[in-house]
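Chains as they are written, first to last, in our numbering: chain A, 1188 to 1550; chain B, 1188 to 1550.
Idealized CB from N, CA, C, for every residue including glycine.
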């Protein structure tokens, strides 16, 4: 309930009576309730946190029992026919006059309905961006430990499967073997759909694994992550079966140099764009600027993609105990791609790389 | 481009100049572009369909190549720094004066930004619910065939794994074996996370598989589906290892009776609530009304949950060539649950059950 108290203090400071939380990662972070949302318009529940007293978890009958088991300290309320009829009763009972909602993670149509309901009860609605994300971005020591375990397990899976890869294996078979090994080792699930992109498919940074064989001599991008105790890992390796061609080695070294330059620039007090720029300039100066289209990195925690961003647009200063990926890549249509991704803990003096795996240095 | 023409005709009828599509299933339905959205605020792209001429697919560099390969007939445009700067150029160039957007699947914060941009260019914004969903709800003959193949493959997977289940197997192992078999047989992926809920866990309609063993004598709910050629299947079986207890058999028969009653009520021209009511009353009359908390069924197609709904609130009349699940269940805290789910094609004279599997009649 430590986190709930922080939220309630923040509500009081901003003269708000309650906040409604529907973003699934925020919901899990605050309550421990771990049900998935199939899509944003099939929510498995909402938190209603008043400025004082016990918080509520509002869900439907599919999840009532799970909510009771997982969300310690919450009052569980089950709605039939959607959230709004329940709020219609609950908000006046709690004497809510100013209600905050997550304006960055709520459907436009839902806000229209909520506005109508609040008008009826003379409740003022206040959109808040990042009310909870702000808490999540700096990790606690316990969270850092959980993320570390997630990274190490992810690496163990990769190292188990890597020696078994053969040129005639397909991308999808390889992805399956990795995901099966994740679960066999105790992961809850992959943190995203495993990417295995061989040869020319590697030119698509977010390729879907298919019937393409891994082949020899060309880089195979393997981007994988898992969820362990609710915390994500995210790692990319580019591996080559057989003897790499000279061009492959050159591009590989360039991407690795960009990564190391980014890591060197990473520390509390610098902005995300500065770190991105440090790594990007290595690739640009070698003439591959147009072949590195995505940003350098992103935060990782309960969500596999979260704040902060290491991108050309992110002006915010990084702080100690944030966790980010550092993942430059070069993608060439018709040839393929190379991406290298590690996860780092930002510290006051620099950063600490969680990854122990050095597979990508073999070249 | 048949579907695009339907959309354009609709735009002209409603005096709209273009529609912006971000809902991933709608995007796939219209364009063939199959990239996933990790979450609603990490879109992999948008369609911009003008009232005449070639439609656009707007995406970022991670997906440009995939878009070119998959979205035949679309002009692919890559944005940097998000959708809005690109729209800022594109909308005036296309002389858009009235722009429709998906009000039911767009974030509130995005609408705020879009409103600002449109005001600048004197563009009128019009929220539309179900602009594309309306097309998707009635299936073409080709779609019906694809759904049938998806259902049959899903059943084949279930029948392959069922005889191998042992009482000491855990829920999660079982779920993994089912999902692996799906992929081994050529499915793209599960259409949702496979549910295997043994004994008391079966009381949670959407339980997450864990370390619980399957056990003997009590029902095990297996709710599984896969995606094959972009189309979903969804099926639930409740199976028992060893000899079922008398109470189990009674509840089983009751759920099956409710399902058959629902199936009998299902036909073009009746409303979703009428079908729901027919099945629900069987369970209510036996005194288990409070133990069947969810609705009777939902549409299935590109999305595993889509229109129409068979629920107490759905007044809309069903039409021929809609595809729905029929899935009553009884859930008893501390004991477990039984759910039986088949998929049906609505016809003018009744319905056709896609499922061939009769496993649940073995009892």
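A Cβ of chain A is located within less than 9 Å of the beta carbon of residue 1391/B. Boundaries for residue 1250/B: no alpha helix (DSSP H) harbours it, and the DSSP string shows neither H nor E there. In terms of beta-carbon proximity, residue 1445/A stays away from the interface with chain B, with every pair separated by 9 Å or more.
What residue 1370/A touches in chain B, judged by beta-carbon distance under 8 Å, is 1359, 1363, going in chain order. The three-state reading of DSSP puts residue 1531/B in strand, counting E and B together. Contact annotation: residue 1518/B and residue 1480/B have beta-carbon atoms nearer than 9 Å. Contact between the stretch 1316-1335 of chain B and the stretch 1317-1336 of chain A is not established, with fewer than three Cβ pairs separated by less than 8 Å. Contact with chain B is absent for residue 1457/A, since none of that chain's Cβ atoms lies less than 9 Å from the residue's Cβ.
Secondary-structure assignment with DSSP links residue 1485/B through a beta bridge to 1496/B. In the DSSP assignment, residue 1216/A falls within the alpha helix (DSSP H) that extends over 1211-1218. Between residue 1358/A and residue 1401/A, the gap from beta carbon to beta carbon is short of 9 Å. Rounded to the nearest whole angstrom, the CA to CA distance from residue 1226/B to residue 1214/B is 15 Å.
For the pair residue 1394/A and residue 1516/A, the Cα-to-Cα distance works out to about 14 Å. Residues of the same chain with a CB within less than 8 Å of the CB of residue 1204/B, apart from the 5 flanking positions on each side, are 1198, 1237, 1238, 1281, 1282, 1283, 1284, 1285, 1286 in chain order. Taking the Cα positions, residue 1451/A is about 7 Å away from residue 1537/A.
In the DSSP assignment, residue 1199/B forms no beta bridge with any residue. Rounded to the nearest whole angstrom, the C-alpha separation of residue 1468/A and residue 1444/A is 11 Å. In the three-state reduction of the DSSP assignment, residue 1366/A falls in the helix class, which pools H, G and I.
The C-alpha of residue 1511/A is placed about 5 Å away from the C-alpha of residue 1485/A. Here residue 1383/B carries a strand assignment [DSSP, helix/strand/coil].
The beta carbons of residue 1429/A and residue 1504/A sit no closer together than 9 Å.
Counting along the chain, the unbroken beta strand (DSSP E) around residue 1287/A starts and ends at 1285-1289.
Pairing residue 1290/A with residue 1260/A gives a Cβ-Cβ distance that is not under 9 Å. From the listed residues 1391/B, 1507/B, 1396/B, the smallest Cα separation to residue 1366/B is found for 1396/B. In the three-state DSSP reduction, residue 1261/A falls in the coil class, being neither helix nor strand. One finds nothing in chain B with a Cβ atom closer than 7 Å to the Cβ of residue 1323/A; even the nearest lies about 14 Å away. Between residue 1363/B and residue 1371/A, the CB-CB gap stays under 9 Å. In the structure shown, residue 1352/B adopts coil according to DSSP, grouped into three states. Sixteen is the threshold: when 16 or more other Cβ atoms of the shown chains lie within 10 Å of the Cβ of residue 1382/B, as they do, the residue is buried.
Considering only beta carbons, the part of the stretch 1298-1325 of chain B lying closer than 9 Å to chain A consists of 1298, 1299, 1314, 1316, in chain order. The C-beta separation of residue 1423/A from residue 1528/A comes to about 4 Å, placing the pair in contact by the 8 Å criterion. Scanning chain B for C-beta atoms nearer than 8 Å to the C-beta of residue 1222/A yields 1393, 1395, reported in chain order. Chain B places no beta carbon closer than 9 Å to that of residue 1351/A, leaving this residue out of the contacts.
Excluding five sequence positions before and after residue 1407/B, the CB atoms of its chain that fall closer than 6 Å to its own CB belong to 1385, 1401, 1426, given in chain order. The beta carbon of residue 1496/A is closer than 7 Å to those of 1459, 1482, 1485 in its chain, skipping five residues each way along the sequence.
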